[in-house]
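Trainee:
Numbering (the working numbering), first residue to last: 2 to 513.
1. What are the start and end residues of each continuous beta strand (DSSP E) run of 3 or more residues lying completely inside the region 116 to 163, in chain order?
2. Give me the Cα-Cα distance between residue 186 and residue 38, rounded to the nearest whole angstrom.
3. Excluding the five sequence neighbours on either side, which residues of its own chain have a C-beta within less than 6 Å of the C-beta of residue 296, listed in chain order?
4. Measure from the alpha carbon of residue 427 to the alpha carbon of each residue in 280, 182, 23 and 2, then state which is nearest.
5. Would you tell me roughly how many angstroms separate the C-alpha atoms of residue 443 and residue 459, rounded to the nearest one?
6. Which residue comes first and which comes last in the alpha helix (DSSP H) that contains residue 12?
7. If we count the other Cβ atoms within 10 Å of its Cβ and call it buried at 16 or more, is residue 271 buried or exposed?
8. Is the closest heavy atom of the ligand FMN to the C-beta of residue 241 under 7 Å?
9. Beta-carbon within less than 8 Å of residue 310's beta-carbon, same chain only, minus the 5 sequence neighbours each way: which residues are those?
10. How long is the line joining the alpha carbons of residue 203 and residue 105, rounded to whole angstroms?
11. Going by C-alpha distance, which of 210, 388 and 124 is nearest residue 452?
12. If I follow the unbroken beta strand (DSSP E) through residue 200, where does it start and stop?
13. Measuring CB to CB, does residue 63 end up less than 8 Å from residue 80?
14. Given 8 Å as the limit, is there contact between the region 4 to 19 and the region 48 to 68, that is, 3 or more CB pairs closer than that?
15. Going by C-alpha to C-alpha distance, which of 337, 429 and 339 sits closest to residue 381?
16. Buried or exposed for residue 266, going by 16 or more other Cβ atoms inside 10 Å?
17. Under the DSSP definition of a beta bridge, which residues are partnered with residue 25?
18. For a quick check, are the C-beta atoms of residue 333 and residue 75 less than 8 Å apart?
19. Roughly how many whole angstroms lie between the Cα atoms of residue 173 and residue 206?
20. Does the region 315 to 327 come within contact of the region 239 to 256, defined as at least 3 CB pairs closer than 8 Å?
21. Counting Cβ pairs, one atom from each stretch, are 3 or more of them under 8 Å apart for the region 19 to 38 and the region 138 to 150?
22. Would you list the one or two residues that DSSP bridges to residue 170?
23. For residue 449, list the residues DSSP reports as bridge partners.
24. Nearest by alpha-carbon distance to residue 434: which of 462, 110, 449 and 454 is it?
25. Does the separation of the CB atoms of residue 30 and residue 130 fall below 8 Å?
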């Protein structure tokens with residue numbers, strides 16, 4: 002049922018001679034989600050922006066597939082300062098929730114960009130999150146005191162349908178090749194994103210971040226290329242995704258500097274991640290390290306990415322990115338999304354030490370995707386175990402060990418398995434199957450387990466799984482021309498997006 006807020010607005014517009022229809026939908030804030038549910042695209046919708054120009058507020062109506070030029074509006078109005086109204090100002094002026102702005106805002110001057118009339122039938126807000134206003138664009142000229150203007154930005158971003166495409170940014174430091182944890186825990190999830198066709202993905206080797214802590218130039222140079230080859234061998238499609246070196250896109254650094262004008266030194270110094278890095282590398286307490294989160298925000302926001310697949314440990318940095326997006330949007334009227342952390346469908350891969358997850362920053366905790374069988378055997382052999390003697394002893398003849406209670410229930414004993422042994426069982430399930438894991442758990446609890454044989458079989462299973470990857474990788478590594486083309490093409494595609502974002506920011510900050 003259509004709510005009274007929407008019906009009241011519809012009546013006001015009808016009395017002005019603006020015929021309209023109210024369309025119902027779920028409670029939604031984002032225009033992209035609204036039009037998607039209604040079966041339209043952003044090409045059909047018009048946004049109402051409430052802005053502050055010097056000491057006065059104005060409303061600007063624009064198509065959702067266009068950007069407005071702050072420079073043009075300032076020149077038109079003859080003002081020095083122009084920004085988007087804060088949420089508090091928006092609420093006070095419109096008495097509405099964010100995301101429900103109407104075409105008609107009583108009491109303030111309204112400007113309609115001429116591009117609005119490029120679409121015959123348009124959609125807009127009603128004052129309610131559960132309904133949308135539909136009318137003929139020409140009828141908006143009947144609104145009192147409106148002025149039709151040309152304020153479309155020269156950098157016009159055309160969006161066809163954001164319901165089907167969301168941009169994802171993923172960065173990896175150039176500190177070494179991908180390991181098993183990267184592959185099963187992240188890259189496989191990335192491949193799933195590619196297959197859906199619903200995400201535009203940017204994979205970035207963040208080599209500039211790698212120089213914020215001690216590094217060796219020769220190793221950095223080699224590692225960054227090896228990671229690209231690993232990505233390609235793992236199956237990422239450079240035609241569907243953008244694969245780049247951070248240092249190939251100088252706009253990352255430029256945008257980071259602009260972002261640094263809205264963040265404070267104190268804020269950066271109080272980040273727990275900064276404090277931890279300083280403890281780890283006291284000799285590397287540099288401005289580059291302090292500004293790491295700002296550069297990370299630039300990496301993400303330069304592509305207007307709304308989704309970032311990172312661990313919970315990176316949440317403080319992601320919050321900085323959201324803060325910067327909010328501040329830039331409020332002060333300068335940009336339209337940066339506030340990125341959120343999300344998890345792919347990859348597995349949690351335990352460390353070979355039995356503590357935490359597999360990580361290249363923890364020695365002896367990981368298996369490289371390029372390790373041969375002997376290397377894998379040596380690493381698996383070092384996984385800490387116990388004596389392997391059965392805890393409970395064998396059950397009486399004819400009794401299922403899973404129902405045999407002895408001193409303790411079988412299910413309770415499984416939960417008390419030492420972490421190193423538990424990690425081995427996790428790997429057995431991943432590479433040999435659930436039934437094999439259950440078998441090993443049963444003999445571990447009852448008759449006892451021979452780790453030597455178990456580790457031998459597990460090592461062979463892991464190598465068998467990695468062998469196809471290694472064969473693909475060897476072929477790709479030999480084709481230097483192809484790898485160079487992937488890197489060059491990724492940089493060209495990324496720079497096109499990055500240049501537009503930086504130019505937009507420079508224009509809105511008054512630098513152009």
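Backbone N, C-alpha and C define an ideal beta-carbon position, used for all residues, glycine too.
Mentor: On the basis of the supplied data:
1. 122 to 126, 132 to 137 and 147 to 150
2. 33 Å
3. 257
4. 182
5. 17 Å
6. 5 to 16
7. exposed
8. As for the ligand FMN, it is missing from this structure, which has no ligand bound.
9. 169, 171, 187, 190, 191, 342, 343, 344 and 345
10. 39 Å
11. 388
12. 200 to 206
13. no
14. no
15. 429
16. exposed
17. 132
18. no
19. 5 Å
20. no
21. yes
22. 203
23. 390
24. 462
25. yes
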